[in-house]
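What follows is a short report on a single structure.
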Amino acid sequence: QKLVAKSADDRYQSAYGLYRDLEQCRDMYLSGKYIDVFPLARHDVSGRLTISQALYGREREVEELIAAFSRIAGGGVEMMFVAGYSGVGKTSLVNEAHKPITGKKGIFVSGKFDQYQRNVPYSAFINVFSQLIDQVLYQAEDRLNIYRHLLKEALGSHAGVFANLVPGIELLLGEQEAEVDLGPVELQNLFNQLTKSFIQVFAKAEHPLVVFIDDFQWADLASLKMLEVVLEDPELSYFLLIGSYRDNEVDENHPLVLTKKKLESVVTSTTITLKPLLEIHVARLLLDTFH
263 QKLVAKSADD RYQSAYGLYR DLEQCRDMYL SGKYIDVFPL ARHDVSGRLT
313 ISQALYGRER EVEELIAAFS RIAGGGVEMM FVAGYSGVGK TSLVNEAHKP
363 ITGKKGIFVS GKFDQYQRNV PYSAFINVFS QLIDQVLYQA EDRLNIYRHL
413 LKEALGSHAG VFANLVPGIE LLLGEQEAEV DLGPVELQNL FNQLTKSFIQ
463 VFAKAEHPLV VFIDDFQWAD LASLKMLEVV LEDPELSYFL LIGSYRDNEV
513 DENHPLVLTK KKLESVVTST TITLKPLLEI HVARLLLDTF H
């Protein structure tokens with residue numbers, strides 16, 4: 263049971279630890295034809311220093327994320343932000359909620375804004391959309407055909423605009439013609455509307471959609487505008503946006519903060535601010551790391 267434990271941290275960490283336990287079983291059997299119960303893995307210490315990957319001191323915050331998912335699974339739309347300094351554990355916190363969400367049939371996809379790609383529109387969201395398409399492509403043929411039909415209806419004759427930024431859509435819908443008679447502003451507005459329809463294909467009662475965007479402090483203005491268009495749509499449901507950002511790198515006039523304030527009047531919004539770990543949590547990490 264220990265060898266096949268669900269969590270990697272609960273399994274044997276070294277062959278030597280397993281060897282010593284089997285050795286003890288052998289000695290017990292040879293001495294009395296009976297193997298008594300004894301504590302496992304007392305000698306199971308790896309020869310390499312490995313920092314424990316468990317999450318410490320964030321139980322309440324994980325529960326908040328899962329509670330938000332439970333609410334949108336009933337048909338709601340919410341926006342949650344995780345704020346804190348670089349390295350405080352924002353991404354690890356959200357990833358801890360990943361398994362419980364997918365365990366409840368939620369779709370979880372993620373993207374990340376890059377400090378050096380701030381002039382590339384929609385970069386994090388394009389990654390998210392590509393992940394959703396990849397998930398469809400792994401479906402059985404009957405499910406794939408259902409999504410193909412839904413996406414054709416959602417994107418209509420303007421699928422080429424979407425394919426221009428998210429080429430993977432052509433793997434589902436075939437090659438698309440590019441729009442040639444629209445200016446930059448018209449293209450941006452059309453892409454935002456298509457994004458809204460695209461997301462609605464995946465945000466459903468049978469599988470609510472959770473989108474996690476990391477490093478939101480580096481979001482481009484086009485992405486923030488698109489976010490407004492999506493979240494202000496009264497027809498959107500079963501959708502949770504989780505965003506993380508470094509709160510020491512934004513002020514009250516930062517575009518992200520202004521967008522957040524604007525959307526707070528439209529959708530339920532929560533911000534979790536992560537503080538450094540307490541001494542007791544660091545002690546637990548050290549205890550687990552050094553056995």
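Residue numbering for the sequence shown follows the numbering used here, starting at 263 and increasing by one per position.
Heads up, the beta-carbon is just placed ideally off N, CA and C, and yes, glycines get one too.
Note that this is a predicted model, so its numbers are computed, not measured.
Out of G422, V350, Q263, the CA that lies nearest to the CA of F453 is found in G422.
S527 is positioned such that its CB atom lies no closer than 8 Å to that of G337. In the DSSP assignment, A345 is bridged to Y507, T535.
Residue pairing by DSSP places F501 opposite V339, L471 in a beta bridge.
About 6 Å separates the CB atoms of I431 and I395; that is less than 8 Å, so the two are in contact.
Secondary structure note for V423: its alpha helix (DSSP H) is the uninterrupted segment 421–427. The alpha-carbon of V491 is positioned some 7 Å away from that of K458.
Here F370 is bridged, per DSSP, to V472.
Counting only residues of its own chain and dropping the five nearest sequence neighbours on each side, Q286 has a CB closer than 8 Å to the CB of F300. Inter-segment contact for the segment 372–381 and the segment 402–411 is absent: fewer than three beta-carbon pairs are separated by less than 8 Å. DSSP, read as helix, strand or coil, puts K414 in helix. When DSSP states are grouped into helix, strand and coil, T312 belongs to the coil group. Inclusion of L417 and L456 in the CB contact set at 8 Å is warranted, their separation being smaller than that value. Across the structure, A270 and A440 are spaced so that their CA atoms are roughly 48 Å apart. DSSP, reduced to helix, strand and coil, places K466 within a strand of the structure shown. Pairing M342 with T532 gives a Cβ-Cβ distance under 8 Å.
Nearest to I542 by C-alpha distance, out of A359, Y318, I475, is Y318. Cβ-Cβ distances below 8 Å link T312 to Q275, T551 in the same chain, with the five nearest sequence neighbours on each side left out; the list follows chain order. In this structure, the alpha-carbon of V428 lies about 19 Å from that of D476. Bounds of the alpha helix (DSSP H) holding V491 are 483–493. Listed as beta-bridge partners of T530 by DSSP are E340. For the 8 Å CB-CB criterion, L434 and V390 do not form a contact.
The continuous alpha helix (DSSP H) containing Y291 extends over residues 277–294.
H543 sits in a helix when the DSSP states are folded into three classes.
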